[in-house]
Amino acid sequence: MGFSFLPAPTRSYEAPAAPKPRAAPAPTASSSTAVKKFQPTPRPPQQIPAYPHRTKKQFSPRDPAADFGDGGAYPEIHISQFPLGLGKKGGGEESNVLSLQVNESGRAAYDAIVKKKNQIVYSSFNDLVEKDVGEDALAKPTLEEEQEVAEKTRAALEALVTGKIAAAHPVNVDRQKNVKETSTYIRYTPHDQGLNADSEVPKQRIIRMVEAPVDPIQPAKFKHKKAVRGPPSPPVPVMHSPPRKLTVMDQQAWKIPPCVSNWKNAKGYTIALDKRLAADGRGLMKVTVNDQFASFAEALAIAERKAREEVNMRIQVQKRLDAKQKEAKEVELREVAAKARQERGGGGGASHYGGASDRSDDDDDEGRRERDKMRFDRRREREREMRLENLMGKKGKLARDEDRDVSEKIALGQLQGGGKRSDASLFDSRLFNQSQGMDSGFGGEDDYNVYSKPMVDRGKSTVYRPKVDATAIDGDREYDDLKAGSAKRFRADKEFQGTDHAAKRSGPVQFTYDNQPNTGEKSEDETKGRARDRLGLIASFILRELMGCRCVVSMEVLMGPEAGKATSAVELGSTQQLAIGRSKKFVHGKGQAGGLLLTTDLDVSSRHAHVVVDPATNVVCIRDCKSTNGTKLNGTPLPPDVLRPLADGDTIMAGSSLIVFRVHQRCLCCDSGKSVVMELAVALSRSVVAEDVECAVSRGMLEREIADVDASIAKLQVSSTVISLFVFLAPFFAQLNHAAESAPFEVQMTFPAWKENLTFLASCSVASVEAAHARLRAEMTKLKEAAATDDPNAANMAVVYKALEYFDQHMQSTILHKTRQNDVGGGAATVMTTGDDAVPVLR
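Each step along the sequence shown adds one to the number in the working numbering, with nothing skipped, and position 768 is 771.
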């Protein structure tokens, strides 16, 4: 059929010719000898049989183009088939070119190159824009949705847990199933059995298939290797603005100032102030001023203005009151003047002032009372002056005024400027008739004396203080007595033997020559006197040992906020101590004999320092109680909790207070830290010489006695210091009693050393004497038991026991007297003088 109705074509087209096969090059001499590559000859295409005959003719499709055509594989032929080369290695064309894909908007999706299966890649601008989520998406889920999501979550979690548990178990260790569970029945019809000539039915079989049992301990046949995790998703891209050029402001904002220290400048550079302030960082801080400051300043200004107004108002009111008072006073004075004029003029106008008669009577009574009071005060003053003159025995007032110098009269205001002046009152007569000076001859030409006499001569006035009479008052002595305070009751009239107090002198030291030759021989009286003194020394040590180591001390503040404050003289012992601090509990607490309570000195700690007696050395020491500002002894800082010895006159610096330490009475025992026995042995051995045959022993005897006494004490198992002291000194008692034949213990009590001991005993407190007495009784009991044994020193112990009995008697009398004193309310130990000896008698 032709298309005649169409117009004729104006252009002609020719189909492209098929490419001609290239002719093989002619063989050459070089190529004829070359090895030719084997090229298989193409198999002619086979005929594809029909469907029922493919299996019978053994058709095997091999050529993808000829055997398959444009179709797929043949399902009835059970061989490997690769239609169009699908699934065959190397069969298809290898290419990494992806097919063109489009997105939801119909545009080409170029990001398919970078996307992978399990990765999230943000490759579009929409990924960077926040999603516009509606209200429906943000609405809360319903209860059914929550339950459904919870059920799905629980199922997913159970699957994960079950998988983890199953993976932990061995693979082959499983329950063996029985035959019934694993058996499968199959009806089998053989394939090679065809229809025979007899048309018999093909034979069929029933086959039961059972799973083979698995060995539980059989190792795994395959190794499960965990694949390496792939790369994660690429990071989210960060969009940056395009780079721009930095401005001057940006550069200044990023400028970091150098670090400038306010304390160190090792190189010594000169740093400008702007650099130092920039390094300080104060310019970076934003100062915010509180609004309340303005309101506060305004309130202050208002308050000041009101205060000024009130002050002015008060001044005006006061002026008005003063004016009214002045006016009333003037009126009163006018009335008084008018009354006086009337009385002078003859009583005219008396009726005008008659109404004020009652008031004038009251004024007369009041004036009379004032005059009587003035008379009484003047009379009392005259009587007081008369009593003072009679008491002091000095001159009368007129006599004193006449004897006064011109300077004293001027100072007292007795010399008045008006009136006639005498020549004696114009000049000081002491300046006349002096024959000293350069005109009278200064000195000899050969003398090298620049000054004729000392300018200030105060030394002799302090040494020599002559008294007019016995009843005259010595101001210096009274000042010293007041300064000593209550320490006088602890101080005896005479110091104990062994103390180092220097006696006060009333004049310079004078030396005398001893014209008697030193022959080495001593009289009998001198020997007996030395024996008595040593016996008194023994008694002093015994008494001090019984009473414990005690010392009377005090402290006074010389400089500081509480200058002039002082403690009373107290007696320190092994259990008592002085405290320095700001806490009242610490200073006056338990175990404190007293102390300085410096409440106004803020540099002093609450627990600052302690003054104690060292039990090891029996020396008064000071200890710093870990104070904040520390303690200084004579300008040297003290380490905390370390004892340092104190002496009389030492200065203690506690905070800002300077304290002086005073010792009023020293303890006689063992200042050097030795035992009582050894200290006394050394003291006696130094005072004993070989010539004193009648009353002492030599040093060799002392050493032998020490060994004997140690053996006796070890045998008796006695550890008391007092017993060992008496046992050691028993030979001395025997020798001293032999030397003082007519001086038994009763008479020896009148010797000076014994008197001092008894005076000290009388000055102690009742509690101290009772404690010493109880200890003495215990020592006497032990000594009596030791004397009853068969010991070589039993005789000496008996002599010691007799001496202890005298101590016991005097202690009993002292306790009795002090108890009566406390009951009556006063009393003291007095000293009766009989001849040359003075014995303390308790009254």
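Glycine included, every Cβ here is placed at the ideal spot set by N, Cα and C.
- Under the three-state reduction of DSSP, His227 is assigned to coil, being neither helix nor strand.
- Taking the C-beta atoms as reference points, Ser236 is found no nearer than 8 Å to Gln84.
- For Ser83, DSSP assigns no beta-bridge partner whatsoever.
- DSSP, read as helix, strand or coil, puts His613 in strand.
- When rounded, the separation of the alpha-carbon atoms in Thr602 and Ile662 is 15 Å.
- Between Ser586 and His776, the alpha-carbon positions lie close to 36 Å from each other.
- Glu149 and Ala158 have their C-alpha atoms spaced approximately 14 Å apart.
- Boundaries of the beta strand (DSSP E) around Ala582: Gln580 to Gly584.
- By the C-beta density criterion, Ile625 is buried, having at least 16 other C-beta atoms within 10 angstroms.
- Counting only the Cα atoms, Arg374 lies some 55 Å from Arg665.
- Annotation for Cys262: Ala282 place their beta carbon closer than 7 Å to its own, counting only its chain and skipping 5 residues before and after.
- Of the candidates Glu346, Gln345, Tyr272 and Ile116, the residue whose Cα lies closest to the Cα of Asn99 is Ile116.
- The beta-carbon separation of Ala572 and Val555, rounded to 5 Å, stays under the 8 Å limit for a contact.
- The C-beta of Ile189 has fewer than 16 other C-beta atoms within 10 Å across all chains shown, which makes the residue exposed.
- Taken in chain order, the complete alpha helix (DSSP H) segments of 4 or more residues contained in the segment 214-275 are 251-256.
- Taken atom to atom, the span from the alpha-carbon of Lys376 to that of Val314 is near 41 Å.
- The three-state reading of DSSP puts Tyr188 in strand, counting E and B together.
- Contact check for Leu641 against Asp653 fails: the beta carbons are separated by 8 Å or more.
- Rounded to whole angstroms, the gap between the alpha carbons of Lys143 and Val241 is 33 Å.
- Excluding sequence positions up to five before and after Glu214, its CB lies within less than 6 Å of the CB of Thr185, all in the same chain and listed in chain order.
- If you draw a 10 Å sphere on the C-beta of Thr634, you find 16 or more other C-beta atoms in it, and that means buried.
- Here the alpha carbon of Gln321 sits roughly 26 Å from the alpha carbon of Ala304.
- Partner residues in a beta bridge of Lys92, as assigned by DSSP, do not exist.
- Taking a 10 Å sphere around the C-beta of Glu574, we find 16 or more other C-beta atoms and assign the residue as buried.
- Taking 8 Å as the cut-off, the beta carbon of Ile583 is found no closer than this to the beta carbon of Ala650.
- Rounded to the nearest angstrom, the gap between the Cα atoms of Gln319 and Glu338 is 29 Å.
- Boundaries for Val645: no beta strand (DSSP E) harbours it, and the DSSP string shows neither H nor E there.
- Closest in alpha carbon position to Lys629, among Met389, Val645, Asn637 and Asp617, is Val645.
- In the three-state scheme derived from DSSP, where H, G and I count as helix and E and B as strand, Gly597 is classed as strand.
- DSSP places His172 outside both helix and strand once states are collapsed to three, so it counts as coil.
- Taking the Cα positions, His81 is about 16 Å away from Gly90.
- For Asp114 against Ser102, the beta-carbon gap comes to about 14 Å, at or over 8 Å, which does not count as contact.
- In the DSSP annotation of this structure, Asp408 is not part of any beta strand (DSSP E), being labelled neither H nor E.
- Under the criterion of beta carbons closer than 8 Å, Pro648 and Val623 qualify as touching, at roughly 7 Å.
- Under the three-state reduction of DSSP output, Val136 falls in the coil class, being neither helix nor strand.
- With 16 or more other Cβ atoms from the protein chains shown falling within 10 Å of its own Cβ, Thr817 counts as buried.
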